[in-house]
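Everything in the sequence shown is counted per the numbering used here, starting at 42 for the first residue and increasing by one.
All C-beta atoms in this analysis are idealised placements derived from N, C-alpha and C, irrespective of residue type, glycine included.
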Amino acid sequence: MAINKVANTAGSDKAHRILEAAKVLFSTEGLQNTSIEDIATRAGLGKGTVYLYFKSKDEIFSTLASSFAEELQQSLQNACNTAVPAAERLTVFIETRVRFWQRIYKDYELTITSLLETLSNPTAEAVRKRYEASDIGLIKGLLEDGRKNGEFIFDNVDNMAAVLYSMLDSLNKPWGEGELEVTPDEKIKSLSSLLLKGLRSH
Numbered sequence: 042m043a044i045n046k047v048a049n050t051a052g053s054d055k056a057h058r059i060l061e062a063a064k065v066l067f068s069t070e071g072l073q074n075t076s077i078e079d080i081a082t083r084a085g086l087g088k089g090t091v092y093l094y095f096k097s098k099d100e101i102f103s104t105l106a107s108s109f110a111e112e113l114q115q116s117l118q119n120a121c122n123t124a125v126p127a128a129e130r131l132t133v134f135i136e137t138r139v140r141f142w143q144r145i146y147k148d149y150e151l152t153i154t155s156l157l158e159t160l161s162n163p164t165a166e167a168v169r170k171r172y173e174a175s176d177i178g179l180i181k182g183l184l185e186d187g188r189k190n191g192e193f194i195f196d197n198v199d200n201m202a203a204v205l206y207s208m209l210d211s212l213n214k215p216w217g218e219g220e221l222e223v224t225p226d227e228k229i230k231s232l233s234s235l236l237l238k239g240l241r242s243h
């Protein structure tokens with residue numbers, strides 16, 4: 042058992058090195074311009090070793106995309122599952138999404154070009170679709186809670202949740218930040234204020 046444990050630990054470490062190398066290369070060089078050999082070189086491993094853990098570059102990308110999505114989902118669920126008014130939870134929900142993507146852009150030096158390429162990738166789109174329903178479900182829960190306790194007034198929860206999701210999804214992208222100089226704090230404050238004013242019952 043001890044030998045298997047050591048082997049599993051070593052394997053996990055190599056897989057982690059592969060994924061970390063791929064994160065950087067996909068962000069800075071783009072998905073199309075990154076090869077398995079590039080990933081292996083950056084990870085300090087042989088090309089054959091990479092194929093022991095991942096069948097293809099797409100599988101590496103899918104693993105990374107799912108990991109990012111799951112991390113964000115857990116953070117959003119934590120934001121929703123607190124014993125505070127719905128309005129406060131909605132603000133924390135917005136802040137969590139904005140700061141998560143800001144960290145991703147900063148930590149991995151994601152460029153607009155590589156972001157556009159990533160967003161147009163079928164694998165990324167499949168992951169996004171898979172978690173979109175969960176995100177909208179969390180928003181619907183917040184809205185329903187707010188309506189039940191008299192914080193919010195709106196007609197159709199499905200329509201409102203879809204609109205809020207679209208606004209948040211757009212807000213999380215770094216378009217025009219250099220020109221407009223909109224900081225994460227300003228994004229959070231502005232959107233939270235706009236949404237809550239429109240939703241409040243008094």
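Residue i versus residue j: straight-line alpha-carbon distance, rounded
| i | j | result |
| --- | --- | --- |
| Ser201 | Asn162 | Here the sequence assigns Met to residue 201, which means Ser is not the residue at that position. Taking the straight line joining both Cα atoms gives about 28 Å. |
| Arg130 | Glu136 | 10 Å |
| Ile101 | Leu60 | 7 Å |
| Glu166 | Glu192 | 35 Å |
| Glu220 | Leu212 | Confidence in Glu220 is poor, its pLDDT being 46 and thus under 50, which makes the residue's placement too unreliable to answer from. |
| Gln143 | Ala110 | 14 Å |
| Ala120 | Ile180 | 11 Å |
| Gly182 | Leu117 | 12 Å |
| Asn190 | Pro225 | 30 Å |
| Ile145 | Ala62 | 15 Å |
| Ser108 | Lys147 | 17 Å |
Classification of residue i by the beta-carbon crowding that lies within 10 angstroms, buried from 16 upward
| i | result |
| --- | --- |
| Lys88 | exposed |
| Ile194 | exposed |
| Arg171 | exposed |
| Leu235 | exposed |
| Leu93 | exposed |
| Thr164 | buried |
| Ser68 | buried |
| Ala174 | exposed |
| Arg138 | buried |
| Arg58 | buried |
| Ala124 | exposed |
Which residues DSSP lists as bridging residue i, in chain order
| i | result |
| --- | --- |
| Arg241 | Phe193 |
Under 8 Å between C-beta atoms of residue i and residue j
| i | j | result |
| --- | --- | --- |
| Val198 | Leu184 | yes |
| Tyr206 | Ile177 | yes |
| Lys98 | Ile77 | yes |
| Ser231 | Thr132 | no |
| Phe248 | Leu113 | With the chain running from 42 to 243 in the structure shown, residue 248 is simply not present. |
8 Å contact criterion, which residue i and residue j should meet: CB distance rounded
| i | j | result |
| --- | --- | --- |
| Val168 | Ala106 | 4 Å |
| Ala127 | Asp186 | 4 Å |
| Ala81 | Thr90 | 7 Å |
Contact test: residue i Cβ vs the ligand SAM heavy atom, cutoff 7 Å
| i | result |
| --- | --- |
| Leu131 | The ligand SAM is absent from the structure shown, which contains no ligands of any kind. |
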